[in-house]
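J.:
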Amino acid sequence: MQPTSDEALIGRIAAGDAAAMQQLFARHHVRLYRFVLRLVRDESLAEDLISEVFLDVWRQADRFERRSSVATWLLAIGRYKALSALRKKPQHAADDEQTAAIPDPADTPEQAMQKIDKAEILRACLDGLSVEHREIVDLVYYHEKSVEEVAEIVGIPANTVKTRMFYARKRLSELLKAAGVDRGWP
Numbered sequence: 001m002q003p004t005s006d007e008a009l010i011g012r013i014a015a016g017d018a019a020a021m022q023q024l025f026a027r028h029h030v031r032l033y034r035f036v037l038r039l040v041r042d043e044s045l046a047e048d049l050i051s052e053v054f055l056d057v058w059r060q061a062d063r064f065e066r067r068s069s070v071a072t073w074l075l076a077i078g079r080y081k082a083l084s085a086l087r088k089k090p091q092h093a094a095d096d097e098q099t100a101a102i103p104d105p106a107d108t109p110e111q112a113m114q115k116i117d118k119a120e121i122l123r124a125c126l127d128g129l130s131v132e133h134r135e136i137v138d139l140v141y142y143h144e145k146s147v148e149e150v151a152e153i154v155g156i157p158a159n160t161v162k163t164r165m166f167y168a169r170k171r172l173s174e175l176l177k178a179a180g181v182d183r184g185w186p
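Per this note's numbering, residue 1 is the first one in the sequence shown, and the count goes up by one each step.
#1: So, does the region 150-168 touch the region 68-80, judging by three or more C-beta pairs under 8 Å?
#2: Threshold first: 4 residues or longer. Then list the alpha helix (DSSP H) segments lying entirely within the region 126-175, N to C.
#3: Would you give the residue range spanned by the alpha helix (DSSP H) that GLU65 belongs to?
#4: Can you tell which of VAL57, ASP48 and LEU37 has the C-alpha that lies nearest to the C-alpha of ILE13?
#5: Please state if the CB of LEU39 and the CB of GLU135 are separated by a distance shorter than 8 Å.
#6: Would you decide whether VAL140 is buried or exposed? Buried here means 16 or more other CB atoms lie within 10 Å of its CB.
#7: How would you write the range of the alpha helix (DSSP H) that ARG27 sits in, first residue to last?
#8: Do ARG164 and HIS133 have their C-beta atoms closer together than 8 Å?
#9: Going along the chain, which residues of its own chain have a beta-carbon closer than 8 Å to the beta-carbon of LEU32, five neighbours each way excluded?
#10: How far does the alpha helix (DSSP H) with TRP14 in it reach, from first residue to last?
#11: Can PHE35 and HIS143 be called in contact, C-beta distance under 8 Å?
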């Protein structure tokens, strides 16, 4: 038995099929949650936003126009909700996790590398990117979306996606170098 396509599930959801909604949620909630979490950096808020996304899908499944894949549509809704939440939420200068990720200036780069896990360094450097650059990196590298799909999700031209990706990689390289990671991972 072949799995039901996302588009077929949306059609069933539009007709009020709760089982189809459960199947769509099970298929997409983890990736969508991780994407939204990387934008808002708050687990509780990300969970709330994911609930809102799927509530919107339940209410508006009949409005899905099939101009993109269902996964792209869900990411676009999640992105919109995350950015709306960020506009409402006051920005704090730095939280404890970010502060803890800053290496001691007395340490050499080699000592800092031994103290801090490589993934934490990369995460801290990614957090140093602007929201616009971080979301592009997230969609391209973590969600494996094409430039065209990212452009559709974010609502900007493809060339702007390419430009943001260029500057995001450049800034990430600078942040990694400042963290003691000069060339790749040893």
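A virtual CB, placed ideally from N, CA and C, is assigned to each residue, including glycine.
T.: Quick answer:
#1: Cβ pair count under 8 Å is three or more, so yes.
#2: Those alpha helix (DSSP H) runs which fall completely within the region 126-175 and span 4+ residues are 131-137 and 147-154.
#3: Taken as a continuous stretch (DSSP letters only), GLU65 belongs to no alpha helix (DSSP H), as it is neither H nor E.
#4: Closest in alpha carbon position to ILE13, among VAL57, ASP48 and LEU37, is VAL57.
#5: Result yes, Cβ atoms of GLU135 and LEU39 sit closer than 8 Å.
#6: With 16 or more other Cβ atoms within 10 Å, it is buried.
#7: It spans 18-40 - the alpha helix (DSSP H) in which ARG27 sits, taken as one unbroken run.
#8: Yes, the Cβ-Cβ distance between ARG164 and HIS133 is below 8 Å.
#9: Hits under 8 Å: ILE50, VAL53, LEU74, LEU75 and GLY78.
#10: The sequence given here places Ala at residue 14; Trp does not occur at that position. Note, ALA14: alpha helix (DSSP H), 6-14.
#11: Yes, Cβ-Cβ distance for PHE35 and HIS143 is below 8 Å.
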